[in-house]
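Just so you know, we're using the working numbering here: the sequence shown kicks off at 5 and counts up by one.
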Amino acid sequence: MRTITRMGSVIPAIWADMGRVFRKRTRHCSRRRATISSISLAIRTKMTEPRLDRLSALLEGLAPRVWPSDEGRELSLHIVRATSTDAGAARIDALHLLVSPPGHGVDGLALRARGLSIWMSFEVAFDGPVGRLFLDEFKQPLEIGLAQADPSLIQVVHLIASELETRRCGQPLFMNRAGDILLIGLLRHLVSAPLGTMRLFNGLADPRIARTLVGMHADPASPWTLAALALEAGMSRTSFANRFKTVMGLPPGKYLENLRLALAHRMVASGMGLKRVAQETGYAGPSTLSRAMHRAA
């Protein structure tokens, strides 16, 4: 009888312990399911999130024109090859892209001393309002070995080189169009592998800073406060301001001011009235714009 009594007191205790274990495992599983759901949602969001286009807004403000030329009066793009290259002229390891600032000639003797020669040249003029800001990035000649270049640049240079090896129907028109693609290939390369001195491309290479640069170039008239730009970058205001200045070499407000003034000067030069220009460039009114232009003069 005593055994039955003891068993009767033990069984409820066992059930209570099992209940606690079950509830604990249930809570653990619920947390795991919640974590897995959060990770799955993040992955789906990342996969469906549109890829940031870092160049289109910039190119619209540049309005570039590219044509075959070796005069060197504008920004010049030279495809350079090893002089010892024969039938395999389109081999990527034998090709370089030389970028020269406007008015900066190429030292042919120095190239020949290195066993190189210019194969094809293009010039780039910028009709858009931000052309001058862009050209500030190219104050010194730049040489890119195609063996280490971005795939986009390799593809277009290889295509041009292959075309140059044999005369084909429609080649002049092909070369006119090829210059545009070469410029885009160059810009993609500079975004993927920016040089320390090229602030704009360093900014475009930084995912968070790039979002703010694209936003400012796409809609300069928007009320871009520091808070709005920091929100665009997904950062606190202090962290964003410090990071922007480190990467770009100037505060975000100053970059925005330079961009707006470049646009305003071009619009005024085209005959647009100050009131309309102020509206298009994000200034409070004609007097505010006039003072800003006077300070920058």
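Even glycine gets a Cβ: it sits at the ideal position worked out from N, Cα and C.
Requested in this report: Provide the residue span of the alpha helix (DSSP H) that contains Val84, from first to last.
Outcome: Within the sequence shown, residue 84 is the residue found at index 80, counting from 1. Here Val84 belongs to no alpha helix (DSSP H); instead the beta strand (DSSP E) covers Leu79 to Ala86.
Requested in this report: Taking all protein chains shown into account, decide if Ser80 is buried (16 or more other Cβ within 10 angstroms of its Cβ) or exposed.
Outcome: On the sequence shown, residue 80 is found 76 positions in, with the first residue counted as 1. By the neighbour-count rule (16 or more Cβ atoms within 10 Å), Ser80 is buried.
Report task. Starting from the C-beta of Leu62, find all residues in its chain whose C-beta is less than 6 angstroms away, skip the five residues before and the five after it, and write them out in chain order. Result -> Taking the sequence shown and counting its residues from 1, one reaches residue 62 at position 58. These residues qualify, in order along the chain: His221.
Query raised in the report: Secondary structure at Phe205, three-state DSSP: helix, strand or coil?
Result: If you number the sequence shown from 1, residue 205 lands on position 201. Phe205 falls in the helix class under three-state DSSP.
Requested in this report: Please indicate yes or no: does the CB of Phe138 lie closer than 7 angstroms to some heavy atom of the ligand NAP?
Outcome: Among the ligands in the structure shown, none appear at all, so the ligand NAP cannot be discussed.
Requested in this report: Could you tell me if His298 is buried or exposed, where buried requires 16 or more neighbouring beta carbons within 10 angstroms of its beta carbon?
Outcome: For this step, residue 298 is matched to residue 294 along the sequence shown. Exposed, because fewer than 16 other Cβ atoms sit within 10 Å of the Cβ of His298.
Report task. Return the Cβ separation of Ala301 and Val281 in integer angstroms, given the expectation that the two are a contact with Cβ distance under 8 angstroms. Result -> As a first step, residue 301 must be located in the sequence shown, where it is residue number 297. As a first step, residue 281 must be located in the sequence shown, where it is residue number 277. Not quite, the Cβ-Cβ distance comes to about 15 angstroms (not below 8 angstroms), so this is no contact.
Query raised in the report: Under three-state DSSP, which class holds Met297?
Result: As a position in the sequence shown, residue 297 is number 293, starting the count at 1. In this structure, Met297 counts as helix in the three-state DSSP scheme.
Query - For Ser121: DSSP bridge partner residues - result: Stepping through the sequence shown from its first residue, residue 121 is reached at position 117. Note: Ser121 sits in a beta bridge opposite Arg85.
**Report entry** Range of the contiguous alpha helix (DSSP H) that encloses Leu139
**Finding:** The residue given as residue 139 occupies position 135 in the sequence shown. First-last of the alpha helix (DSSP H) with Leu139: Gly135 to Leu139.
Query - Three-state secondary structure (DSSP) of Ser291 - result: Within the sequence shown, numbered from 1, the residue matching residue 291 stands at position 287. The answer is helix: DSSP assigns Ser291 an H, G or I state.
Query raised in the report: Of all the options Val70, Trp71, Thr292 and Ser121, which has the alpha carbon lying nearest to the alpha carbon of Gly112?
Result: Locating residue 112 in the sequence shown gives position 108, counting from the first residue. Closest by alpha carbon: Ser121.
Report task. Name the one or two DSSP bridge partners that Ile148 has. Result -> The residue you call residue 148 lines up with position 144 of the sequence shown. Beta-bridge pairing links Ile148 to Leu101.
Query raised in the report: Start and end of the alpha helix (DSSP H) containing Pro176?
Result: To locate residue 176, count along the sequence shown from 1; it is residue 172. Counting along the chain, the alpha helix (DSSP H) containing Pro176 begins and ends at Gln175 to Ser196.
Query raised in the report: Would Met202 pass as a contact of Leu194 if the rule is Cβ separation under 8 angstroms?
Result: Walking along the sequence shown from the start, residue 202 turns up at place 198. Walking along the sequence shown from the start, residue 194 turns up at place 190. Contact: yes.
Requested in this report: Kindly indicate which three-state DSSP category Val251 falls into: helix, strand or coil?
Outcome: Taking the sequence shown and counting its residues from 1, the one referred to as residue 251 is at position 247. Note: Val251 maps to helix in three-state DSSP.
Query raised in the report: Taking just the CA atoms, how far does Lys249 sit from Lys258?
Result: The residue labelled residue 258 in the question sits at position 254 within the sequence shown. The residue labelled residue 249 in the question sits at position 245 within the sequence shown. Whole-angstrom Cα-Cα distance: 10 angstroms.
Query - Separation of Ala117 from Met124, as counted between CA atoms - result: Along the sequence shown, read from residue 1 onward, the residue named residue 124 stands at position 120. Along the sequence shown, read from residue 1 onward, the residue named residue 117 stands at position 113. Cα to Cα, the separation comes out at about 19 angstroms.
Query raised in the report: What do you get for Pro133, buried or exposed, if any count of 16 or more other CB atoms within 10 angstroms of its CB means buried?
Result: Counting from 1 along the sequence shown, the entry for residue 133 is found at position 129. Label assigned to Pro133: buried.
Query raised in the report: What residue from Ile158, Leu101, Ala151 and Pro106 has the CA that sits closest to Glu141's CA?
Result: In the sequence shown, counting from the first residue as 1, residue 141 sits at position 137. Ranking Ile158, Leu101, Ala151 and Pro106 by Cα distance to Glu141 puts Pro106 first.
**Report entry** CB of Ile148 within 8 angstroms of CB of Leu101, strictly
**Finding:** Taking the first residue of the sequence shown as position 1, residue 148 is located at position 144. Taking the first residue of the sequence shown as position 1, residue 101 is located at position 97. In contact: Ile148 and Leu101 (Cβ atoms closer than 8 angstroms).
Query raised in the report: Does DSSP put Phe244 in a helix, in a strand, or in coil?
Result: By 1-based counting over the sequence shown, the position of residue 244 is 240. Correct three-state label for Phe244: helix.
Query raised in the report: Any idea if Asn206 is buried or exposed, counting beta-carbon neighbours within 10 angstroms, 16 or more meaning buried?
Result: Within the sequence shown, residue 206 is the residue found at index 202, counting from 1. With 16 or more Cβ atoms within 10 Å of its Cβ, Asn206 is classed as buried.
Requested in this report: Report the three-state DSSP secondary structure of Glu167 (helix, strand or coil).
Outcome: Counted from its first residue, the sequence shown places residue 167 at position 163. Helix at Glu167.
Query - Cα-Cα separation, Ala232 to Arg264 - result: For the purposes of this step, residue 232 is identified with residue 228 of the sequence shown, where counting begins at 1. For the purposes of this step, residue 264 is identified with residue 260 of the sequence shown, where counting begins at 1. Each residue's Cα considered, the two are about 17 angstroms apart.
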